[in-house]
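The UniProt record's numbering puts the first residue of the sequence shown at 1, with every later residue one more than the last.
A short worksheet on the structure shown next.
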Amino acid sequence: MGSRLGRRVVNFANLPIKLLMPSSFSNITEISLKTIPSASKIEIKRVLESLYGFEVEKVQTLNMDGKKKKRGGLLIAKPDYKKAYVTLKNPLSISRDLYPIRMIEEEKKNMSKKSKSSIVEDDEPKKMHWLDEKRDTRSSSERRFSCGRDRERGGERSSDVGAAAAKFPWSSMRSYAPSL
């Protein structure tokens, strides 16, 4: 039957179709679908018209490669798919209950609140970094080995280190070179 007419007969289509989320839910003239790579434009059009009752004007398709990841020496790949953009003759409105829109909108609001609160920090006191704390600026090894050297020099070392620390962060490192 179908071979005489020169086309495939689609009685019960074994064609998985997944509707992708549209940007708006009213006045939809173009929908996007994911399907298997072997599906043709004509098959997609016939399935949408016969099973779902849409009036299809045209179908545009893209062959998409699945994402590939390399873990260790193995290449893990998701299967390839075909993306179809279907233009409808009559505009379509989809129910908001088809997608979990409320959850997505709440997540977007939470993310926008978090991003705003991280930018504006005038209300909260500025937290200091643990390296910025005003404690003994010498390292633990300097404290161990210094014993009474600071008392012998009259505190010169601590004032020199404080002045040098303003210029370079590594100036508090112990130097074994003879001091001038």
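Where is the CB? At the ideal position from N, CA and C, for every residue including glycine.
Predicted model only: the values in this text are computed from it and were never measured.
Short Cβ contact (8 Å threshold) for residue i with residue j
| i | j | result |
| --- | --- | --- |
| residue 243 | Leu51 | Residue 243 falls outside the range modelled here, since the chain spans only 1 to 180, and no answer is possible. |
| Pro37 | Asp80 | yes |
| Glu57 | Leu88 | yes |
| Ile28 | Ile94 | yes |
| Lys70 | Lys78 | no |
Inter-residue CB distance, residue i and residue j (contact presumed, cutoff 8 Å)
| i | j | result |
| --- | --- | --- |
| Met64 | Lys41 | About 15 Å; that fails the 8 Å criterion. |
| Tyr85 | Glu49 | Going by Cβ atoms, the distance from Tyr85 to Glu49 rounds to 16 Å, so no, they are not a contact pair. |
| Glu55 | Asn90 | 6 Å |
Cβ neighbour criterion (16 or more within 10 Å) applied to residue i
| i | result |
| --- | --- |
| Ile76 | exposed |
| Glu43 | buried |
| Asn14 | exposed |
| Ser159 | At Ser159, the pLDDT of 49 sits below 50, so the modelled position is not reliable; the number obtained from the coordinates is stated separately. Result: exposed. |
Unbroken beta strand (DSSP E) run spanning residue i, endpoints
| i | result |
| --- | --- |
| Ser32 | Ile28 to Thr35 |
| Glu57 | Val56 to Met64 |
| Lys69 | Lys68 to Arg71 |
| Asn90 | Tyr81 to Leu92 |
| Ile76 | Leu74 to Ala77 |
Endpoints, the alpha helix (DSSP H) within which residue i is located
| i | result |
| --- | --- |
| Leu48 | Lys41 to Ser50 |
Chain B within 8 Å of residue i, Cβ atoms only
| i | result |
| --- | --- |
| Leu20 | You won't find chain B in this structure, because it holds only one protein chain. |
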